[in-house]
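Colleague: Below is the structure I would like to discuss, written out as structure tokens.
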Amino acid sequence: MAQAKKHTIRIENFCGFEYLIAENVPAYEDKKYGTVINMDPADMEIIAATAIIENNYPIRGKEVHLFRSVLDLSLERFAGIFGLSGAGVLKWEKSPLKRLDLANEWMIRSFMSEKLNLKKQCLFSEAMKVEDSKVKQSHSIKLRAS
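Going letter by letter, the sequence shown gives residues 4 to 149 in my numbering.
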């Protein structure tokens, strides 16, 4: 059986986020399916979550859902970490484009920074500068070719 040709591709709307563009994503050509991404979906989610936190994108319900998925936490477990109800977190997720209020956004951002082992601190003054318009700005994620 012939070896599939490996290469890298560019993905806009990476992991469903309109502002993330992934470059150098490992892929290969399959006769039946065409271009196939050669990367674990869980790794892709971690990369997306890291880019969101590192680049101070506003946190909306869509991002909360991604963060729960990255951490493999149920609504109740995720909510319990913050002293919230599962229904409260579900309300955020059911409004995927609605930004969280600043206090919740800062809390989630700080928590995810810690869980993703990011060195960047989530300072209150930085959170105050994050604008909703930032979602309209794209960010390119460059993956290392293996």
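Idealized CB from N, CA, C, for every residue including glycine.
1. Does Lys94 pass the burial test, meaning 16 or more other C-beta atoms within 10 Å, or should it be called exposed?
2. Looking only at DSSP bridge pairs, what is Pro29 linked to?
3. So what does DSSP say about Ile40, is it helix, strand or coil?
4. Should Glu108 go down as buried or exposed, given a rule of 16 or more other Cβ atoms within 10 Å for buried?
5. Answer yes if the region 10 to 20 comes into contact with the region 37 to 56, meaning at least three C-beta pairs across the two stretches below 8 Å, and no otherwise.
6. Just the Cα atoms here: how many angstroms apart are His54 and Arg112?
7. Apart from the five residues on each side of it in sequence, which residues of its chain come closer than 7 Å, Cβ to Cβ, to Ile86?
8. Please return the same chain residues whose Cβ sits closer than 8 Å to the Cβ of Lys101, not counting the five positions on each side in sequence.
9. Below 7 Å CB to CB, which residues in the same chain sit around Lys8 once its five sequence neighbours on both sides are set aside?
10. Taking Cβ positions, are Leu119 and Ala52 nearer each other than 9 Å?
11. Among Met110, Leu105, Glu79 and Pro99, which has the Cα closest to the Cα of Leu69?
12. In whole angstroms, give me the CA-to-CA distance for Asn16 and Ala45.
13. Taking the alpha-carbon positions, what's the His81 to Glu66 distance?
14. Taking only heavy atoms of the ligand ATP into account, decide whether any of them is closer than 8 Å to the Cβ of Pro61.
15. Closest by CA to Lys122, which one among Glu57, Ala106, Leu105 and Glu79?
Modeller: In brief:
1. Here residue 94 is taken as the residue at index 91 of the sequence shown, counted from 1. In this structure Lys94 is exposed. Its beta-carbon is surrounded by fewer than 16 other beta-carbon atoms within 10 angstroms.
2. As a working note, residue 29 is residue 26 in the sequence shown. For Pro29, the beta-bridge partners assigned by DSSP are Thr11.
3. Translated into positions along the sequence shown, residue 40 becomes position 37. For Ile40, the three-state secondary structure derived from DSSP is strand.
4. For this step, residue 108 is matched to residue 105 along the sequence shown. Label assigned to Glu108: buried.
5. Yes, they touch.
6. For the purposes of this step, residue 54 is taken as the residue at position 51 of the sequence shown. For the purposes of this step, residue 112 is taken as the residue at position 109 of the sequence shown. This sequence places Ala at residue 54; His is not what is there. So the two alpha carbons sit approximately 12 Å from each other.
7. Within the sequence shown, the letter at position 83 stands for residue 86. Correcting the residue identity first, residue 86 is Gly in this sequence and not Ile. Contacts found: none.
8. Position 98 of the sequence shown holds residue 101. Closer than 8 Å at the Cβ level, and outside the excluded window around Lys101, lie Arg63, Gly64 and Trp95.
9. By one-based count along the sequence shown, residue 8 stands at place 5. Correct list, in chain order: Tyr31 and Glu32.
10. Translated into positions along the sequence shown, residue 119 becomes position 116. Translated into positions along the sequence shown, residue 52 becomes position 49. In this structure, Ala52 lies closer than 9 Å to Leu119 by Cβ.
11. Start at 1 with the first residue of the sequence shown, and residue 69 comes out as number 66. That would be Pro99, whose Cα lies nearest to the Cα of Leu69.
12. As a working mapping, residue 16 is identified with position 13 in the sequence shown. As a working mapping, residue 45 is identified with position 42 in the sequence shown. Take the alpha-carbon of Asn16 and the one of Ala45: they are about 16 Å apart.
13. The count along the sequence shown starts at 1 and reaches residue 81 at position 78. The count along the sequence shown starts at 1 and reaches residue 66 at position 63. Reading off the sequence shown, one finds Phe at residue 81, where the question assumed His. If I take the Cα positions, the gap works out to 13 Å.
14. Among the components modelled here there is no ligand, and therefore nothing to report on the ligand ATP.
15. The residue you call residue 122 lines up with position 119 of the sequence shown. The option with the nearest alpha carbon to Lys122 is Glu57.
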